[in-house]
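Protein chains: 2
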Amino acid sequence: METLTAVLVGGGCFAWLQRRRKPKSVEEVPPKMQRLVLREANKDITLAKLEIEEVDTPQPKPGQLLIKVLAAPVNPSDDGAWKTPPSHGYPLPLGNEGSGLVVATGGGVWASQFVGKKVAFTGKSYAQYAVVDAFGMGPWSLPSSIKVEDACAYFVNPFTVISIVEAVRSKKGKAFIHTAAASQLGQMMVKYCQKEGMALVNLVRRQEQVELLQKLGAKYIVNTSDPEWKSALGKMMMELQISQVVDCIAGDFTAELIELLPPGGTAWVYGRLSGKDLSSINPIQLIYFGKKLEGFLVSSWIFKDGVVRGLLRARKQAAIVAKNFDIFGSQGFKDVSMKDMHQAYCSHLASGATGGKLRVRPWSFKG
Amino acid sequence: METLTAVLVGGGCFAWLQRRRKPKSVEEVPPKMQRLVLREANKDITLAKLEIEEVDTPQPKPGQLLIKVLAAPVNPSDDGAWKTPPSHGYPLPLGNEGSGLVVATGGGVWASQFVGKKVAFTGKSYAQYAVVDAFGMGPWSLPSSIKVEDACAYFVNPFTVISIVEAVRSKKGKAFIHTAAASQLGQMMVKYCQKEGMALVNLVRRQEQVELLQKLGAKYIVNTSDPEWKSALGKMMMELQISQVVDCIAGDFTAELIELLPPGGTAWVYGRLSGKDLSSINPIQLIYFGKKLEGFLVSSWIFKDGVVRGLLRARKQAAIVAKNFDIFGSQGFKDVSMKDMHQAYCSHLASGATGGKLRVRPWSFKG
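Top to bottom, those sequences are chains A and B. Here the numbering used here is used: the first residue of the first sequence is 14, the next is one more, and so on. Here the numbering used here is used: the first residue of the second sequence is 14, the next is one more, and so on.
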């Protein structure tokens with residue numbers, strides 16, 4: 014009965030919010046726009062074919078917004094789409110999140126409030142314009158203190174960091190290990206864990222990464238190129254009573270970390286920077302020591318208790334990001350045009366650069 | 014407060030049950046006995062050194078029983094101990110469960126009831142006598158209808174089968190896949206699932222195993238040596254809405270099964286018959302499809318909610334075994350002496366024999 018009431022009330026509110034009002038716009042929108050699409054996937058991303066396509070500028074329906082995209086980040090997870098032929102065929106529009114100005118709406122009470130506002134959003138972002146639902150995962154209105162281009166990476170990394178800390182706490186963890194800890198996400202993790210009083214052991218593989226994290230005030234850092242790294246890590250794990258590791262490398266490395274965990278520990282895998290499958294996992298570790306291996310994906314975490322609770326959790330996390338933009342604002346963006354992004358990203362990967370992030374500027378930044 | 018009361022009441026009961034009464038015995042016990050021990054571990058079990066040792070017959074303390082061991086099975090899990098040097102040094106007494114006659118007690122109200130009774134038990138069983146706590150994982154008094162030797166495999170396989178069905182149900186499963194399904198345990202699983210109305214897909218790798226399970230009335234059988242096995246399995250999974258697989262093979266095979274699971278599915282691993290580590294697991298399956306990999310161990314399952322609930326769960330499972338001995342009595346035992354067991358077991362493994370089980374008879378069966 015309680016559920017039925019909630020559904021009816023929720024449905025009623027939603028219908029009211031979508032109620033037709035006159036579509037609005039704040040500036041003239043050209044009939045055509047450019048977007049970056051995948052034309053041919055390839056396991057070797059340097060061989061994937063990405064190209065600029067000119068298409069009709071999309072029209073927002075009631076309850077939707079048209080966003081003039083001012084910036085969109087290239088996250089390590091973005092290139093996954095370039096490797097596999099898309100299930101709905103080519104061309105596949107690219108980009109997963111971005112920021113910009115809401116220039117029009119197709120109408121609706123809820124949607125109308127956003128017109129003329131700076132927002133961060135999730136949706137196909139490597140395009141001059143994007144259409145998004147006004148009621149969903151974003152859009153998030155940006156505080157006036159934040160420069161709109163700097164908020165393009167508002168969702169993927171920040172929400173992942175916040176969600177991982179929630180996930181560790183859900184298993185009663187007060188400390189955990191994080192791998193590839195010098196990444197953009199890793200640096201946010203260091204700062205957010207400091208704020209949250211969560212002890213964090215950072216695993217990196219080069220001395221300059223140790224120094225980078227020390228500058229951020231990280232207390233526990235282990236360099237895995239040190240031959241004694243396992244005993245150093247073991248001591249920290251004892252001291253901090255760590256039973257969880259959050260790994261984005263995969264390959265054999267996850268198995269090594271599983272061996273180090275105490276009985277009943279959990280290894281969360283949220284990435285595969287090694288490009289390799291999980292291997293060399295001794296089943297004895299799972300069977301006799303009760304260790305678990307789970308994947309972690311930010312959207313699955315947010316919506317794990319259903320859509321309504323998921324949207325509420327997302328609003329809560331967005332508020333944390335807005336309030337702590339000193340932590341969650343990505344650093345060291347390198348601007349590129351849509352046309353140059355593919356090559357620039359492949360060079361960036363080949364250089365093994367730590368930190369730094371590409372930012373696509375669909376309005377022809379030097380493009 | 015409630016917990017404190019429970020602890021005090023429980024402690025009081027326990028103390029009363031352990032209260033000294035005159036030790037009892039039903040037959041004279043020789044001062045010396047023979048037992049089978051590990052003298053040197055080896056990864057190749059054919060090279061491990063097992064030998065018969067003569068030692069003082071152990072004396073039960075108050076609350077303990079002395080069992081004259083009449084039979085003890087050799088489970089596939091037993092040889093694990095032969096591979097790794099024991100943490101408490103050599104000699105390592107062997108055997109994990111068995112059945113026999115309770116010939117003496119060191120006293121105690123609870124223990125005294127068992128004297129003269131036929132029981133199944135867990136404890137070092139490849140010996141002429143075993144001392145066990147009267148209050149723990151067993152001993153389980155055997156119904157008069159069961160021949161004592163036939164109840165030697167009362168715990169490991171039967172409790173595992175019952176616990177696996179509980180585990181699948183704990184994740185709301187009404188059906189699951191079981192690998193190496195023609196094993197002794199697999200055959201029990203077929204019959205127990207029939208009784209419980211749990212749909213079961215049996216994976217085997219040879220035609221004669223298909224026929225063996227068909228004779229037991231198994232409805233869903235897939236022969237993995239058939240090149241079309243994956244599509245056949247896929248259809249059954251759709252029909253039965255299967256999202257769990259229970260695997261005792263490990264190696265690459267678990268990864269293949271994980272790929273076949275629907276999003277959110279779970280792979281439980283409870284054995285490593287392949288002798289290989291878990292490998293080739295695509296992290297995408299865990300990250301984007303939310304699939305989980307967990308170990309399964311019968312004792313961990315039973316005690317997952319603490320000792321008191323664990324002992325109650327074990328009592329409940331023992332009652333199921335006693336009531337359904339047509340299902341849980343192992344079939345086709347081959348009797349061997351302690352002396353001959355090592356060689357007989359290695360030959361049994363080398364022959365790749367399906368079903369059939371060795372039964373150690375410490376009182377020199379033809380030994």
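By construction, the Cβ of each residue, glycine as well, lies at the ideal position given by its N, Cα and C atoms. Source: prediction; values computed, not measured.
Inside the region 24 to 109 of chain A only - alpha helix (DSSP H) runs reaching at least 4 residues: 93 to 96
Any C-beta of chain B under 8 angstroms from that of residue 92 of chain A: On the first sequence, position 79 is the one that residue 92 of chain A refers to. Not an interface residue.
Cut-off 7 angstroms between Cβ atoms - residues of its own chain near residue 198 of chain A, not counting five sequence neighbours on either side: Against the first sequence, residue 198 of chain A aligns to sequence position 185. The answer, listed in chain order, is 170, 173 and 174.
Buried versus exposed, by CB contacts within 10 Å (16 or more), residue 73 of chain A: Locating residue 73 of chain A in the first sequence gives position 60, where the first residue counts as 1. Buried, by the Cβ-count rule.
Counterpart residues of residue 307 of chain A in DSSP-defined beta bridges: In the first sequence, residue 307 of chain A corresponds to position 294, counting from 1. For residue 307 of chain A, which the question treats as bridged, DSSP gives the partners A:281 and B:305.
Length of the line joining the Cα atoms of residue 2 of chain A and residue 353 of chain A: Shown here, chain A extends from 14 to 380; a query on residue 2 of chain A therefore has no answer.
Beta-carbon proximity of residue 309 of chain B to residue 300 of chain A, cut-off 8 angstroms: Sequence index remark: in the second sequence, residue 309 of chain B carries index 296 (1-based). Sequence index remark: in the first sequence, residue 300 of chain A carries index 287 (1-based). Yes, these two residues count as a Cβ contact at 8 angstroms.
Simplified DSSP assignment, three categories, for residue 128 of chain A: Indexing the first sequence from 1 puts residue 128 of chain A at position 115. Reduced to three states, the DSSP call for residue 128 of chain A is coil.
The region 180 to 195 of chain A touching the region 324 to 340 of chain A, judged by at least three CB pairs closer than 8 angstroms: no
Spatial distance of residue 75 of chain A from residue 137 of chain A (CA atoms): Stepping through the first sequence from its first residue, residue 75 of chain A is reached at position 62. Stepping through the first sequence from its first residue, residue 137 of chain A is reached at position 124. The straight-line gap from Cα to Cα measures roughly 19 angstroms.
Alpha-carbon to alpha-carbon, residue 271 of chain B and residue 361 of chain A: Numbered from 1 along the first sequence, position 348 holds the residue referred to as residue 361 of chain A. Numbered from 1 along the second sequence, position 258 holds the residue referred to as residue 271 of chain B. So the two alpha carbons sit approximately 34 angstroms from each other.
DSSP-derived helix/strand/coil call for residue 257 of chain A: Counting from one through the first sequence, the residue named residue 257 of chain A turns up at place 244. Residue state, collapsed to three classes: strand.
Residue-level contact to chain A via CB, residue 100 of chain B, 8 angstroms cutoff: Mapped onto the second sequence, residue 100 of chain B falls at position 87. False, the Cβ-Cβ gap to chain A never drops below 8 angstroms.
Simplified DSSP state of residue 170 of chain B, which is helix, strand or coil: As a first step, residue 170 of chain B is located in the second sequence; it is residue number 157 there, counting from the start. Correct three-state label for residue 170 of chain B: helix.
Cβ of residue 176 of chain B within 8 angstroms of any chain A Cβ: To locate residue 176 of chain B, count along the second sequence from 1; it is residue 163. With 8 angstroms as the cut-off, residue 176 of chain B does not count as an interface residue toward chain A.
Interface partners of residue 303 of chain B on chain A, CB under 8 angstroms: What you label residue 303 of chain B is simply residue 290 of the second sequence in a count that begins at 1. 308, 310 and 313, listed in chain order.
Coarse secondary structure for residue 343 of chain B, derived from DSSP in three states: The sequence position of residue 343 of chain B within the second sequence is 330, counting from 1. Reduced to three states, the DSSP call for residue 343 of chain B is coil.
Residue 66 of chain A to residue 168 of chain A span [Cα, whole Å]: Your numbering for residue 66 of chain A matches position 53 in the first sequence. Your numbering for residue 168 of chain A matches position 155 in the first sequence. Roughly 26 angstroms separates the two Cα atoms.
Option nearest residue 219 of chain A by Cα separation, candidates A:71, A:51, A:303 and A:242: In the first sequence, residue 219 of chain A corresponds to position 206, counting from 1. For the residues A:71, A:51, A:303 and A:242, the minimum Cα distance to residue 219 of chain A belongs to A:242.
Alpha carbon of residue 339 of chain A to alpha carbon of residue 276 of chain A, nearest angstrom: Within the first sequence, the letter at position 326 stands for residue 339 of chain A. Within the first sequence, the letter at position 263 stands for residue 276 of chain A. Near 37 angstroms, if we compare the C-alpha coordinates of residue 276 of chain A and residue 339 of chain A.
For residue 377 of chain B and residue 350 of chain B, the rounded distance between their alpha carbons: The residue labelled residue 350 of chain B in the question sits at position 337 within the second sequence. The residue labelled residue 377 of chain B in the question sits at position 364 within the second sequence. Those two C-alpha atoms are separated by around 5 angstroms.
8 angstroms Cβ cutoff met for residue 373 of chain A and residue 87 of chain A: The count along the first sequence starts at 1 and reaches residue 373 of chain A at position 360. The count along the first sequence starts at 1 and reaches residue 87 of chain A at position 74. Their beta carbons are under 8 angstroms apart, which means residue 373 of chain A touches residue 87 of chain A by this criterion.
Cβ-Cβ distance between residue 258 of chain A and residue 234 of chain A below 8 angstroms: Counting from 1 along the first sequence, the entry for residue 258 of chain A is found at position 245. Counting from 1 along the first sequence, the entry for residue 234 of chain A is found at position 221. No, the pair does not count as a contact, with Cβ atoms beyond the cut-off.
Residues that residue 205 of chain A contacts on chain B, provided the C-beta gap is smaller than 8 angstroms: Numbered from its first residue, the first sequence carries residue 205 of chain A at position 192. Under the 8 angstroms cutoff, chain B gives no residues; its nearest Cβ is about 21 angstroms from residue 205 of chain A.
Beta-carbon neighbours of residue 294 of chain B, restricted to chain A and to distances below 7 angstroms: For the purposes of this step, residue 294 of chain B is taken as the residue at position 281 of the second sequence. Under the 7 angstroms cutoff, chain A gives 290 and 291.
Beta-carbon neighbours of residue 326 of chain B, restricted to chain A and to distances below 7 angstroms: Numbered from its first residue, the second sequence carries residue 326 of chain B at position 313. Under the 7 angstroms cutoff, chain A gives no residues; its nearest Cβ is about 17 angstroms from residue 326 of chain B.
Where residue 285 of chain B meets chain A, residues with beta-carbon distance less than 7 angstroms: Along the second sequence, one-based indexing puts residue 285 of chain B at 272. Within chain A, the residues near residue 285 of chain B are 296.
Separation of residue 80 of chain B from residue 375 of chain B, as counted between CA atoms: Locating residue 375 of chain B in the second sequence gives position 362, where the first residue counts as 1. Locating residue 80 of chain B in the second sequence gives position 67, where the first residue counts as 1. About 12 angstroms.
Cutoff 8 angstroms: residue 299 of chain B Cβ touching any chain A Cβ: Residue numbering aside, residue 299 of chain B sits at position 286 when the second sequence is read from its first letter. At least one chain A Cβ lies under 8 angstroms of residue 299 of chain B.
Runs of alpha helix (DSSP H) wholly within the region 196 to 222 of chain A (minimum 4 residues, chain order): 197 to 209
Proximal chain A residues relative to residue 263 of chain B, where beta-carbon distance stays under 8 angstroms: Sequence index remark: in the second sequence, residue 263 of chain B carries index 250 (1-based). Those are 296, listed as they occur along chain A.
Chain A contacts made by the region 266 to 285 of chain B, where a contact means CB separation under 7 angstroms: 282, 283 and 285
Extent of the continuous beta strand (DSSP E) to which residue 188 of chain B belongs: For the purposes of this step, residue 188 of chain B is taken as the residue at position 175 of the second sequence. Run containing residue 188 of chain B: 188 to 191, per the beta strand (DSSP E) assignment.
Buried or exposed by the 16-neighbour rule on C-beta atoms within 10 Å, applied to residue 60 of chain A: Residue numbering aside, residue 60 of chain A sits at position 47 when the first sequence is read from its first letter. Counting Cβ neighbours within 10 Å, residue 60 of chain A comes out exposed, since fewer than 16 surround it.
Residue of B:93, B:342, B:286 and B:83 minimising C-alpha distance to residue 192 of chain B: The count along the second sequence starts at 1 and reaches residue 192 of chain B at position 179. The option with the nearest alpha carbon to residue 192 of chain B is B:286.
Contacts around residue 357 of chain A, its chain only, beta-carbon distance under 8 angstroms, and the 5 residues preceding and following it disregarded: Residue 357 of chain A sits at position 344 when you count from the first residue of the first sequence. Same-chain partners within the cutoff: 347, 349 and 371.
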